[in-house]
Amino acid sequence: MNRDHIDELAAQQAERRQSLYQGIRTDKTHIEVNKHPFEIVLDYHEAFDLDKFTERYSTILNKYDYLVGDWGFEQLRLKGFYKDDTKDVQRAQTIGTVQDYLYEYCNFGCAYFILKNERVIKPKRTSHARKDDRRGKRGNGTNGSANNNGRSTQSRSRSNRNSSKLKQRRRNKSFTTKQKAAPFSEKRQQPAKVNAGSGQQARTSKPANGKRHFTIRQK
């Protein structure tokens, strides 16, 4: 792609943007782009050009408190800055650091201007961001899902301990009976009485009480 083709594309884009945005001067230090007001607070080396600014302008810049335009290689660059007391922004994005920006990112001694946005329009928060905020609030400054996981882990651990205790009780019951067995008390049977005599043979007889005893039978 040669240089002439690039210039042709840039000219076509500028024409399209002129139909989208129109800028006018209300006085020496105030302008409007599509009825959005700006004030020229600094114009170093007569850097401000209304037509060029309108070509480079975009509604996304309306969220900034200040716009800084600098020239380099015959091209205008725009950058937005917030007020110094704006919360939740980096210090490099505040207007108090504009000189650091010019020294570090712009050509030395370049022409530049600073515009003040007189009607700042903050972008609408997306539904995705609101969901993230609700999650953070639900967690009270911590990760709510981590808390829920911790609670569920504790509940599972407590349930496992109770189940183990119940199984142990059942095992203990399987080794015991409801009533204790009576101690073993078997009486030893008394030996039968033997009446011995000379030349007699021992014999037994069964008395009425069921006990046996021996008698000696003579030969």
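Just so you know, we're using the UniProt record's numbering here: the sequence shown kicks off at 1 and counts up by one.
Backbone N, C-alpha and C define an ideal beta-carbon position, used for all residues, glycine too.
The model shown is predicted, which means the values in this text are computed figures rather than measured ones.
Beta strand (DSSP E) segment containing residue i, residue limits
{"i": "K79", "result": "Q75 to F81"}
{"i": "Y66", "result": "Y66 to G72"}
Inter-residue spacing [alpha-carbon to alpha-carbon] between residue i and residue j
{"i": "D51", "j": "F113", "result": "14 Å"}
{"i": "T26", "j": "W71", "result": "24 Å"}
{"i": "T102", "j": "D4", "result": "The amino acid occupying residue 102 in the given sequence is Leu; Thr does not appear at that position. In a straight line, the C-alpha of L102 is about 30 Å away from that of D4."}
{"i": "V33", "j": "N2", "result": "33 Å"}
{"i": "Y57", "j": "Y21", "result": "8 Å"}
{"i": "A47", "j": "T54", "result": "14 Å"}
{"i": "L9", "j": "E74", "result": "16 Å"}
{"i": "I6", "j": "T94", "result": "34 Å"}
{"i": "T59", "j": "R158", "result": "59 Å"}
{"i": "H45", "j": "C110", "result": "8 Å"}
{"i": "I24", "j": "I31", "result": "6 Å"}
{"i": "K35", "j": "E118", "result": "11 Å"}
{"i": "K122", "j": "L115", "result": "17 Å"}
{"i": "R125", "j": "N162", "result": "49 Å"}
{"i": "Q90", "j": "G96", "result": "11 Å"}
{"i": "K63", "j": "D84", "result": "15 Å"}
{"i": "T29", "j": "N107", "result": "25 Å"}
{"i": "L76", "j": "G69", "result": "6 Å"}
{"i": "L61", "j": "V120", "result": "9 Å"}
{"i": "Q99", "j": "D88", "result": "21 Å"}
{"i": "D65", "j": "R156", "result": "55 Å"}
{"i": "L67", "j": "E104", "result": "17 Å"}
{"i": "A92", "j": "N160", "result": "56 Å"}
Delimiting residues of the alpha helix (DSSP H) encompassing residue i
{"i": "K116", "result": "Careful: K116 lies outside any alpha helix (DSSP H), inside the beta strand (DSSP E) at Y112 to N117."}
{"i": "Q99", "result": "V98 to Y105"}
DSSP bridge partner residues for residue i (one or two, in chain order)
{"i": "T86", "result": "Its beta-bridge partners do not exist; DSSP assigns none."}
Distance cut-off 7 Å: residue i Cβ against heavy atoms of the ligand GDP
{"i": "R119", "result": "This structure does not include the ligand GDP; it has no bound ligands of any sort."}
**Study point:** the segment 74-89 in contact with the segment 29-41 per 3-pair CB rule at 8 Å
**Key:** The segment 74-89 vs the segment 29-41: no contact.
**Study point:** Start-end ranges of the alpha helix (DSSP H) lying completely within the segment 17-60, minimum 4 residues
**Key:** Listed in chain order, they are 50-56.
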